[in-house]
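Visitor: My structure is below; once you've seen it, I'll send some questions.
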Amino acid sequence: MEKIPGRRPPKGQNTQTEAGLLYLVATPIGNLEDLSFHALEVLKGVDGIACEDTRHSRPLFDHYGIDRPLIALHEHNEDRISKGLVDRLLAGDSLALISDAGTPLINDPGFPLVRAARAKGIVIRPIPGPCALIAALSASGLASHRFAFEGFPPRKSAARLTLFESLKEDPRTLIFYESSHRVLETLVDVAKIFEADRRVVIARELTKRFETILETTAGDAEALVLEASNMQRGEFVLLIEGSAPRRHEDTLSKEQERILNILLQALSVKTAAAMTAEITGARRETLYREALRIRGETGA
Ligand code: SAM
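Start counting the sequence shown at 1; every next residue gets the next number (the numbering used here).
The structure is reproduced here in structure tokens:
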């Protein structure tokens, strides 16, 4: 295994490139310096590197002097090629899988290879590192203890709206990848489904020269992207704040119930609910449901 000059591997940690192992190596999402020491040692030490696009990975290889045999593995050939790679691993070769950027398999090729390798009992070793969704989430200021990564939203607006509708009540932070061509139309659809004040974070060109991380709302996001011409260029992660818990809004305080009861003695269900909402700030729908229940019980 090739060693990086001046670097002593930490004691008790696995830094050997071992025979017959499949390494899943995360590579930079923009800044070439974001490759880890461990990733570099593995990429210099394996018998072959499977990569999506050899031209795309060339600057990384040149920057670090990585010179191992390359194997093209992309979405169009991965089903076919994975079996041959598994045979090589079984014969004792060590192989690394990288994608164009970030963590392999995260919206990138590699799933058939990992499945096939697992099925044969091959040891798979992840070498963690950059991942656009994690970088964006950690810097977003949105809740990060629970999140749902949804990959790229559908290209067609109708399918996108259906997806957003299904996620509207999800309490987790929602994370999407999006291309520069569609970022605007996707944000237009976000505004159609999510409440206007729902927080939205647009993370663009992470780790690169024009990195931009902006917080806005579902209602204002379109205007913000239209304002600056460069907001439709580059690579994007879109994050949407999770749905606020409704439970507290669905129960009425004693005072809200008292006012509703008084008004119901003189007014219709609809008007009493609307006026109580006006006076107390409680949700009109909750009051309306409660008013129907009271009237059903008491005939008030
Ligand atoms: N495997 C990658 C990862 O770990 O993040 C993601 C690959 S996916 C095919 C590419 C998409 O990731 C881009 O279209 C963009 O939405 C997002 N992405 C990748 N690099 C990015 C960056 N530097 N800044 C913002 N988004 C990025």
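Ideal Cβ positions, reconstructed from N, Cα and C, are used throughout, including at glycine.
Since the model is a prediction, treat every value here as computed from it, not as a measurement.
1) Out of LEU174, ARG182 and ALA101, state which residue places its alpha-carbon closest to the alpha-carbon of PHE194.
2) Return the first residue and the last residue of the beta strand (DSSP E) that PHE236 is part of.
3) Taking the CB atoms as reference points, tell me whether ALA50 and LEU22 lie closer together than 7 Å.
4) Report the option in GLU222, GLU211 and ARG283 whose CA atom is closest to the CA atom of VAL190.
5) Nearest by alpha-carbon distance to TYR288: which of THR276, VAL183 and THR280 is it?
6) For GLU297, is the classification buried or exposed, using 16 other Cβ atoms within 10 angstroms of its Cβ as the cut-off for buried?
7) Can you tell me whether LEU206 sits near the ligand SAM, meaning its C-beta is under 6 Å from at least one heavy atom of the ligand?
8) If you measure between the beta carbons of HIS56 and ILE127, is that distance less than 7 Å?
9) What are the boundary residues of the alpha helix (DSSP H) that includes ALA273?
10) Where does the unbroken beta strand (DSSP E) through VAL46 begin, and where does it stop?
11) So, are the CB atoms of GLU241 and LEU142 less than 7 Å apart?
12) Am I right that GLU185 and PHE152 are in contact with their C-beta atoms under 8 Å? What's the rounded C-beta distance?
Guide: Reading from the atomic positions:
1) Residue numbering aside, residue 194 sits at position 194 when the sequence shown is read from its first letter. The shortest C-alpha separation from PHE194 is found at LEU174.
2) Position 236 of the sequence shown, counted from the start, is the residue given in the question as residue 236. Counting along the chain, PHE236 sits inside the beta strand (DSSP E) bounded by residues 236–240.
3) Start at 1 with the first residue of the sequence shown, and residue 50 comes out as number 50. Start at 1 with the first residue of the sequence shown, and residue 22 comes out as number 22. In this structure, LEU22 does not lie closer than 7 Å to ALA50 by Cβ.
4) Start at 1 with the first residue of the sequence shown, and residue 190 comes out as number 190. Selected option, being the one with the closest Cα: GLU222.
5) Locating residue 288 in the sequence shown gives position 288, counting from the first residue. Closest option to TYR288, Cα to Cα, is THR276.
6) Here residue 297 refers to the residue found at position 297 of the sequence shown. That one is exposed.
7) Counting from one through the sequence shown, the residue named residue 206 turns up at place 206. The ligand SAM has a heavy atom closer than 6 Å to the beta-carbon of LEU206.
8) Within the sequence shown, the letter at position 56 stands for residue 56. Within the sequence shown, the letter at position 127 stands for residue 127. No, they are not a contact pair.
9) For the purposes of this step, residue 273 is taken as residue 273 along the sequence shown, with counting starting at 1. Start and end: 269–280.
10) For the purposes of this step, residue 46 is identified with residue 46 of the sequence shown, where counting begins at 1. Element bounds for VAL46: n/a, residue is neither H nor E.
11) If you number the sequence shown from 1, residue 241 lands on position 241. If you number the sequence shown from 1, residue 142 lands on position 142. Going by C-beta atoms, GLU241 is nearer than 7 Å to LEU142.
12) Residue numbering aside, residue 185 sits at position 185 when the sequence shown is read from its first letter. Residue numbering aside, residue 152 sits at position 152 when the sequence shown is read from its first letter. About 13 Å separates the two Cβ atoms, so there is no contact after all.
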